[in-house]
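Have a look at the structure below before the remarks.
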Amino acid sequence: MNETATVAVVPGDGIGHEVVPAALEVLDAVADIEYVHVEAGDAVAAQRGTPLPEETLEAVSEADATLFGATGETSADVILPLRDAVDSFVNVRPARTYPGVDAVQPETDLVILRENTEGVYAGMEDRLTEDVSTLTRLVTRSASRRLAEFACDYVESNDHDGFTVAHKNNVMRVTDGLFVDTVREEAAARGVDVDEAYMDAMATHLAMDPAGYDVIVCPNLAGDVLSDLAAGLVGGLGLLPSANVGSERGIFEPVHGCAPDIAGEGIANPSATILSAAMLLEFLGADDAARDVRTAVEATLADGPRTPDLGGTATTDAVAAAVVDRLPDQ
Ligand code: GGG
2 MNETATVAVV PGDGIGHEVV PAALEVLDAV ADIEYVHVEA GDAVAAQRGT PLPEETLEAV
62 SEADATLFGA TGETSADVIL PLRDAVDSFV NVRPARTYPG VDAVQPETDL VILRENTEGV
122 YAGMEDRLTE DVSTLTRLVT RSASRRLAEF ACDYVESNDH DGFTVAHKNN VMRVTDGLFV
182 DTVREEAAAR GVDVDEAYMD AMATHLAMDP AGYDVIVCPN LAGDVLSDLA AGLVGGLGLL
242 PSANVGSERG IFEPVHGCAP DIAGEGIANP SATILSAAML LEFLGADDAA RDVRTAVEAT
302 LADGPRTPDL GGTATTDAVA AAVVDRLPDQ
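Numbering (this note's numbering), first residue to last: 2 to 331.
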C-alpha cells in the first residue's frame, strides 16, 4: 500500500454496527487508511425511503475498497447493486478450522469461488398472476469464463492442484451446461486440472468428508449455500470472511448476515469481519499487515477471549481489543 488508500465503510444493519467498528480498530492499528462512512440497509430504508442512498453507491464506486457489514431484508437492493458497482465478478470465501475452536469437521480447509453477478441472483423475477411467479436464471459465457480465468489464476498463484466445479447440468442443462462447458474449456486451455460434482451430491460429501475438497468453483446461489454449509463445518458463521473481487475494486464482508436475534447485545463474533479486513489489506497490497492480522486472530481464537457462539463469554469489543494487543508493534 504505497499511498493512503480510501476505504468506504458500510456497517449495514444489526450486528454490522458492532463487527465493523471492531474490524476498524484492527485496521487502524496496522494501516494508514482514509475512511468514507456511509449507510445502507433496512434501517436507512425506513428512515430515507431507500436502502441504498446515492452517496453510498458513489462512495463504494470510488473507493479503493469497501468494508461491508451485513444487511437484512433489503440485501438484494444493497449488496447486489454494490457488487455491480465495483464490477465484482467473483466472491472468494475461504473456510478453514482454527486450533482451539470446536469444529464438526476439523479437516476442513477449502475456498469457494462463487460467481457473483448472475445465476438466480440476477434479479429477474416476476409475479405473473396471483398464482404464478417466475425467475429467470441468467448464465453467460463471458461471466463463466471470467470466473474460470480467476479460478485458474487462483490455483496457480496459491499452489493448488486444480479445482472442483459444482453444478447441476443434468437438470439445468442449458444454463449449467454453458457454465460447466465454459469452465472446462478455460481450464483445459490453461492446463489446470478440473474435477466436477453435482452440487447436491457435493453438499453430502462436504458434510461427510470436506478434506476431499480444496478449491470449489460454483454458480452464485450454490456458492451462497455451500459457504454457509462450510461455515457449519468449521465452527459457525462467525468465522467466514469473504472478498467480492472486481478488476480494480473490492467489497469485503463477513459471510454472515445481520443477526437480528443478537443485535445490540455486543456479543457478535467479529472474527469474520476482521478476517475480511485482512483480505481487504491483501487486495490493497499490504500483505504483511494482512498476515499480522490473521496471525493475531488465530492466536485470539486459540487462547481467547471468545464470544458466546464459540463457547466463551467475551464481548465483541473485548475480542477486537485482544486481536489488537496481539499485533506486532508498528
Ligand atoms: N454480509 C453478508 C450479508 O449481508 N448477507 C446477506 C445476504 O443475504 N446476502 C446475499 C449474498 O451474499 O448474496
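From the three backbone atoms N, C-alpha and C, an ideal C-beta is built for every residue, glycine too.
| said: Using 8 Å for Cβ pairs, my map puts V10 next to V294. What's the rounded Cβ distance? | reply: At roughly 17 Å, the Cβ-Cβ gap does not stay under 8 Å, so V10 and V294 are not in contact.
| field | Opening and closing residue of the alpha helix (DSSP H) in which F90 lies | value | Looking at the DSSP string, F90 is not in any alpha helix (DSSP H), and its letter there is neither H nor E.
| query | So which of T51, A300, L234 has the shortest CA-CA distance to R327? | reply | A300
| task | Could you check how far apart the C-beta atoms of L238 and D229 are, in whole angstroms? I think they sit under 8 Å. | result | 7 Å
| Do the CB positions of L302 and V102 come within less than 8 Å of each other? | yes
| task | Within its chain, find whatever has a CB closer than 6 Å to the CB of D310; leave out the 5 residues flanking it on each side and keep chain order. | result | G237, G239, N270
| request: Would you kindly work out how many angstroms separate the C-alpha atoms of D262 and G73, rounded to a whole number? | output: 12 Å
| Counting only runs that start and end within the segment 16 to 55, where is the alpha helix (DSSP H) found for 4 or more residues in a row? | 17 to 31, 43 to 49
| task | Would you tell me roughly how many angstroms separate the C-alpha atoms of G399 and D65, rounded to the nearest one? | result | The question about residue 399 has no answer here: the residues shown for the chain are numbered 2 through 331.
| said: Less than 7 Å separating the Cβ of H257 from some heavy atom of the ligand GGG? | reply: Yes, the beta carbon of H257 sits closer than 7 Å to at least one heavy atom of the ligand GGG.
| request: Could you check how far apart the C-beta atoms of A198 and T176 are, in whole angstroms? I think they sit under 8 Å. | output: The Cβ separation is near 17 Å, so there is no contact.
| Closer than 7 Å: is that where the CB of Y122 sits relative to any heavy atom of the ligand GGG? | Flag set: Cβ of Y122 near the ligand GGG.
| request: Compare the beta carbon distance of F90 and T118 with 8 Å and say whether it is the shorter of the two. | output: Yes, they are a contact pair.
| field | Heavy atom of the ligand GGG within 7 Å of D225 beta-carbon | value | yes
| said: Less than 7 Å separating the Cβ of T67 from some heavy atom of the ligand GGG? | reply: no
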